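For reference, the structure discussed in these notes is given below.
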Amino acid sequence: MKPLRESRPGGAEDRKPYDEAEFEALLDAAVDGIIITDHTGCILRLNKATERLFGYREEELIGQSIRLIMPEKDARAHDRYMRNYLRTGQAKIIGIGRELEARRKDGSLFPIALSIGEARLRDRLHFVGLIRDLTAQKRAEEEALRQRELMNHASRLTTMGEMAAAMAHELNQPLSAITNYTAACQRLLARGDAEATSDLQRALEEIGSQAHRAAEVIQRVRDFARSRASGREAVRIAALIEQIMPLLQLDARSNRVELHIRIESGLPEIHADPIQLQQVLLNLVRNAIDAMQSLPEPERRVDLRAGMLNDAELQIEVIDRGTGVSEEAARQLFTPFFTSKEKGMGMGLAISRSIVAAHGGTLDFRNNPLAGATFRVRIPVGQPLQDEQ
Numbered sequence: 000m001k002p003l004r005e006s007r008p009g010g011a012e013d014r015k016p017y018d019e020a021e022f023e024a025l026l027d028a029a030v031d032g033i034i035i036t037d038h039t040g041c042i043l044r045l046n047k048a049t050e051r052l053f054g055y056r057e058e059e060l061i062g063q064s065i066r067l068i069m070p071e072k073d074a075r076a077h078d079r080y081m082r083n084y085l086r087t088g089q090a091k092i093i094g095i096g097r098e099l100e101a102r103r104k105d106g107s108l109f110p111i112a113l114s115i116g117e118a119r120l121r122d123r124l125h126f127v128g129l130i131r132d133l134t135a136q137k138r139a140e141e142e143a144l145r146q147r148e149l150m151n152h153a154s155r156l157t158t159m160g161e162m163a164a165a166m167a168h169e170l171n172q173p174l175s176a177i178t179n180y181t182a183a184c185q186r187l188l189a190r191g192d193a194e195a196t197s198d199l200q201r202a203l204e205e206i207g208s209q210a211h212r213a214a215e216v217i218q219r220v221r222d223f224a225r226s227r228a229s230g231r232e233a234v235r236i237a238a239l240i241e242q243i244m245p246l247l248q249l250d251a252r253s254n255r256v257e258l259h260i261r262i263e264s265g266l267p268e269i270h271a272d273p274i275q276l277q278q279v280l281l282n283l284v285r286n287a288i289d290a291m292q293s294l295p296e297p298e299r300r301v302d303l304r305a306g307m308l309n310d311a312e313l314q315i316e317v318i319d320r321g322t323g324v325s326e327e328a329a330r331q332l333f334t335p336f337f338t339s340k341e342k343g344m345g346m347g348l349a350i351s352r353s354i355v356a357a358h359g360g361t362l363d364f365r366n367n368p369l370a371g372a373t374f375r376v377r378i379p380v381g382q383p384l385q386d387e388q
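First residue of the sequence shown? That's 0 in numbering that gives the first Met the number 0, and the numbers climb one at a time after it.
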C-alpha cells in the first residue's frame with residue numbers, strides 16, 4: 000500500500016508521507032467505525048467512531064480478538080471461517096459486505112452494516128472493517144412496518160363498516176328465529192303435556208342451531224377485522240378463498256348480485272400472508288359489486304377466477320359488468336385518497352396494490368370489451384422471496 004501523500008496547490012506532489020499522528024487524525028475523522036486486524040482476527044488499530052459504537056476505550060480493544068465484539072454464535076464460527084477462507088479463498092463476507100449484529104461492551108447487541116477489505120502489508124495479510132450503526136435505520140423500518148399494519152387494519156375495518164348493512168341483515172334472520180322459537184318454547188311449557196315436551200326439544204335444538212349460525216357470522220367478521228402481526232406461510236389459494244367465501248356471498252346477496260367463483264384444481268402453493276391477500280380479494284369484490292349498483296338486478300354478476308398465468312405465476316381475476324373505469328379515474332385509481340365513492344376513504348386499491356407488491360406480485364386492471372372491468376392479481380408461486388429467507 001502506497002503511503003498517503005499531500006498535494007500542494009498547483010498539483011505538485013510533496014514526496015513526504017503523512018506521519019503517524021496525521022494518519023491517526025484521518026482515521027478519527029471517519030463517521031463510521033474502522034477496525035484493522037491481522038489474519039488471525041487480532042485487533043491492531045481502530046478509530047474514535049469504533050470506541051463510541053462499542054463503548055470500549057482503544058487500549059481495551061488493541062491486541063484483543065475481534066470475537067470480543069461479536070455475538071456468541073458468530074464468535075464461535077469465526078476461527079473456522081477464517082481458516083477456510085485462508086485455505087480456499089472462498090468468501091462469505093470479505094469483499095462482499097452484509098448486515099448483522101455486533102456486541103457492545105455492556106453485552107447489548109445492535110445491528111450493523113459491515114464491509115471488509117483485505118491488504119497485504121510487509122508480507123502479512125491484514126483486514127480492514129468498516130462498521131456502520133443501523134440502529135436508527137432499523138427503528139425507522141420497524142415504525143414504517145407498524146404504520147403499514149395499522150393502515151391495513153384501518154382498511155379492513157373500513158371494509159367491515161361498508162358491509163355493516165349486509166351483516167345486520169345476515170344476523171337479523173337467526174336472531175328473529177331465536178325470538179320466535181323462544182316464544183314457542185314458553186307456550187309449550189305452559190301446556191305441560193307429553194306432546195309439548197317433544198316439540199319443546201325440537202324448538203330448543205333449532206334455537207341452538209340459529210345461535211350457532213349467528214355466532215359464525217360474528218366470528219368471520221372478527222377473524223378478518225382483528226389487528227394482527229404480519230406473517231407469511233405456505234397457502235393454497237382455494238383454501239384462502241374458501242375462508243372468506245361466506246363474507247363474499249353475504250355482500251353479494253345483500254346487493255342482489257350473482258357471485259360466481261371458479262378455481263382451477265391442483266394450483267401450487269404460494270408463500271403469503273393469508274389475511275392480507277383476503278383483504279385484497281374482499282376489497283376487489285366489494286368494488287365490483289359497487290360498480291353495478293345502477294344496473295338492473297338480473298344483470299349484476301361478479302366472477303372471481305383463480306388459475307395459473309404461466310409456470311411461475313398464479314393469477315386471480317375479479318370481473319364485473321359495470322360501467323368500467325373512465326380514462327380520468329384510471330390515471331389516479333391506485334393513488335391514496337382517490338375515490339369515486341361518496342363515503343369511501345380512497346385507500347382500498349392503494350393498500351391492495353402495496354400488499355400485492357410486497358408479495359412480489361402485481362395488481363392491474365383493464366376495461367372489458369363489452370362492459371365492466373377486470374382486476375387482476377399476479378402472485379409468484381413456490382418459494383419465499385429472497386429477503387424473507
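Note that beta-carbon positions come from the ideal geometry of N, C-alpha and C, so glycine has one too. Note that the structure is a prediction, hence the values are computed from the model and not measured.
Among residues of its own chain, excluding the 5 on either side of residue i, which ones have a beta-carbon nearer than 6 Å to its beta-carbon?
i, result
"residue 296", "255"
"residue 343", "Low confidence applies here, because residue 343 scores a pLDDT of 45, under 50, leaving its location unreliable; read the following figure in that light. If we look at residue 343 and ignore the five residues flanking it on each side, it has no Cβ neighbours."
"residue 71", "none"
"residue 180", "202, 205 and 206"
Within a Cβ cutoff of 7 Å, which residues of the same chain sit near residue i, ignoring the five residues on either side of it in sequence?
i, result
"residue 341", "Confidence is the limiting factor: at residue 341 the pLDDT is only 48, short of 50, which leaves the residue's position unreliable and the question unanswerable from this model."
"residue 9", "With a pLDDT of 47 at residue 9, under the threshold of 50, the predicted position of this residue should be treated as unreliable, and no value is reported."
"residue 64", "40 and 41"
"residue 90", "84"
"residue 184", "199, 202 and 203"
"residue 369", "none"
"residue 57", "45 and 50"
"residue 131", "31, 111 and 112"
"residue 55", "104"
"residue 75", "none"
"residue 376", "279, 314, 315, 355, 360 and 362"
"residue 381", "267"
Between residue i and residue j, is the Cβ-Cβ spacing less than 7 Å?
i, j, result
"residue 48", "residue 62", "no"
"residue 77", "residue 86", "no"
"residue 262", "residue 311", "no"
"residue 133", "residue 112", "yes"
"residue 351", "residue 284", "no"
"residue 53", "residue 104", "yes"
"residue 42", "residue 25", "no"
"residue 324", "residue 258", "no"
"residue 260", "residue 294", "no"
"residue 361", "residue 367", "no"
"residue 128", "residue 34", "yes"
"residue 46", "residue 27", "yes"
"residue 349", "residue 319", "no"
"residue 354", "residue 275", "yes"
"residue 38", "residue 124", "yes"
"residue 270", "residue 231", "yes"
Identify, in the order they occur along the chain, each residue of the same chain with its Cβ nearer than 8 Å to the Cβ of residue i, setting aside the five sequence neighbours on each side.
i, result
"residue 213", "170, 173, 174 and 177"
"residue 93", "84, 115, 116, 117 and 126"
"residue 210", "173 and 177"
"residue 332", "324, 348 and 364"
"residue 79", "none"
Can you pull the DSSP bridge partners for residue i?
i, result
"residue 114", "129"
"residue 362", "376"
"residue 143", "Paired residues: none, contrary to the question."
"residue 297", "Residue 297 pairs with nothing; no bridge assigned."
"residue 303", "260 and 317"
"residue 100", "110"
"residue 45", "34"
"residue 312", "379"
"residue 269", "234"
"residue 93", "115"
"residue 175", "According to DSSP, residue 175 bridges with nothing at all."
"residue 64", "41"
"residue 123", "120"
Would you mind giving the Cβ-Cβ distance between residue i and residue j, rounded to the nearest angstrom? I have them listed as a contact below 8 Å.
i, j, result
"residue 273", "residue 234", "5 Å"
"residue 371", "residue 251", "Going by Cβ atoms, the distance from residue 371 to residue 251 rounds to 15 Å, so no, they are not a contact pair."
"residue 397", "residue 243", "Absent from the model: residue 397. The displayed extent of the chain is 0 to 388, so no value can be given."
"residue 266", "residue 313", "6 Å"
"residue 99", "residue 73", "7 Å"
"residue 247", "residue 281", "7 Å"
At a cut-off of 6 Å, would you count residue i as near the ligand FMN, judging by its Cβ distance to the nearest heavy atom?
i, result
"residue 37", "Of ligands this structure carries none, so the ligand FMN is not represented either."
Using 8 Å as the threshold, is the region 196–209 in touch with the region 230–246, meaning 3 or more CB pairs across them? no
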